[in-house]
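Numbering (my numbering), first residue to last: 1 to 184.
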Amino acid sequence: MAVFLGNPGLQYASTRHNVGFMTCDLISERLGIKVNKVKFKSLWRKTKLGGHEIIFLKPQTYMNLSGEAVRAAADFFKIPPEQIIVIFDDVSLPIGKLRIRGSGSAGGHNGIKSIISALGCNTFPRIKIGVGSPSNPDYNMADWVLGTFTSNESQIIQNAMLNACQALECLISDGIDKTMNRFN
């Protein structure tokens with residue numbers, strides 16, 4: 001299962017925190033599918049990627065409660081945490097940089113905190129997409145992640161999302177080690 005994190009609603013559609021949703025939209029468009037079935041407090045769709053059947057999941061719970069949706073879908077489809085790939089924004093990475101990990105801490109990301117809490121473990125692979133951080137340390141981080149990209153940043157993010165799509169396919173077909181070697 002590939003879980004793409006973001007916040008529902010048009011006011012969040014192009015924000016840094018919605019890079020996961022935007023990546024889902026990009027890969028879905030490339031595959032010619034719509035992620036539009038409603039269940040598990042999510043939009044979801046089964047599809048094929050990298051020669052394997054996979055579920056795309058866009059939790060509609062808001063970021064801080066993403067774990068509720070992930071747990072519901074994982075329980076229904078009987079998917080272990082090691083087979084749940086989470087794609088999300090990361091403020092600790094420079095804009096456009098990808099980082100692939102097989103497990104790890106939440107790193108301050110509330111969506112990941114929620115998923116770790118709901119699953120009771122942190123052993124799920126993740127694709128982090130760097131959205132940078134504010135240059136002023138006094139800048140409110142919530143305002144930053146809920147802000148939109150500048151025109152210069154938009155092309156960088158577009159390329160990063162394309163790379164994240166490729167990383168997801170590689171992860172599904174070739175595993176975590178090859179994906180980390182190729183994309184980190």
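Each residue gets a CB set at the ideal place from its N, CA and C atoms; glycine is no exception.
Only a predicted model underlies this, so the values are computations on that prediction, with no experimental measurement involved.
- Can the beta-carbon of K46 be found closer than 7 Å to that of Q60? In the sequence shown, residue 46 corresponds to position 46, counting from 1. In the sequence shown, residue 60 corresponds to position 60, counting from 1. Going by C-beta atoms, K46 is not nearer than 7 Å to Q60.
- Message: According to DSSP, is K39 part of a helix, a strand, or is it coil?
- Response: Locating residue 39 in the sequence shown gives position 39, where the first residue counts as 1. Note: K39 maps to strand in three-state DSSP.
- Would you call the region 90-106 and the region 53-70 in contact, with 3 or more CB pairs under 8 Å? Touching, no, given that fewer than three Cβ pairs across the two stretches are closer than 8 Å.
- So, do the region 139-158 and the region 9-20 have three or more beta carbon pairs nearer to each other than 8 Å? At 8 Å Cβ cutoff, the stretches touch.
- Three-state secondary structure (DSSP) at L49? By 1-based counting over the sequence shown, the position of residue 49 is 49. L49: strand per DSSP, three-state reduction.
- Item | For L65, the first and last residue of its enclosing alpha helix (DSSP H) | Along the sequence shown, one-based indexing puts residue 65 at 65. Unbroken run through L65: none, as it is neither H nor E.
- Which residue or residues does DSSP assign as beta-bridge partners of L57? Locating residue 57 in the sequence shown gives position 57, counting from the first residue. L57 pairs with V3 and W44.
- Query: Terminal residues of the continuous alpha helix (DSSP H) containing L16?
  - Reply: Within the sequence shown, residue 16 is the residue found at index 16, counting from 1. It is Arg, not Leu, that sits at residue 16 in the sequence shown. Element bounds for R16: n/a, residue is neither H nor E.
- Between the Cα of N122 and the Cα atoms of I112, L162, G130 and R182, which residue gives the shortest distance? Translated into positions along the sequence shown, residue 122 becomes position 122. Minimum Cα-Cα distance from N122 among the listed residues I112, L162, G130 and R182 corresponds to I112.
- Task: Sort out for me which residues DSSP pairs R99 with in a bridge.
- Result: For this step, residue 99 is matched to residue 99 along the sequence shown. Among the bridge pairs identified by DSSP, R99 is matched with K128.
- Distance CB(L5)-CB(F88) smaller than 7 Å: What you label residue 5 is simply residue 5 of the sequence shown in a count that begins at 1. What you label residue 88 is simply residue 88 of the sequence shown in a count that begins at 1. A contact, by the Cβ cut-off of 7 Å.
- Task: Give the DSSP-derived three-state secondary structure of F88 in the structure shown.
- Result: Residue mapping note: residue 88 aligns to position 88 of the sequence shown, counting from 1. Here DSSP, grouped into helix, strand and coil, assigns F88 to strand.
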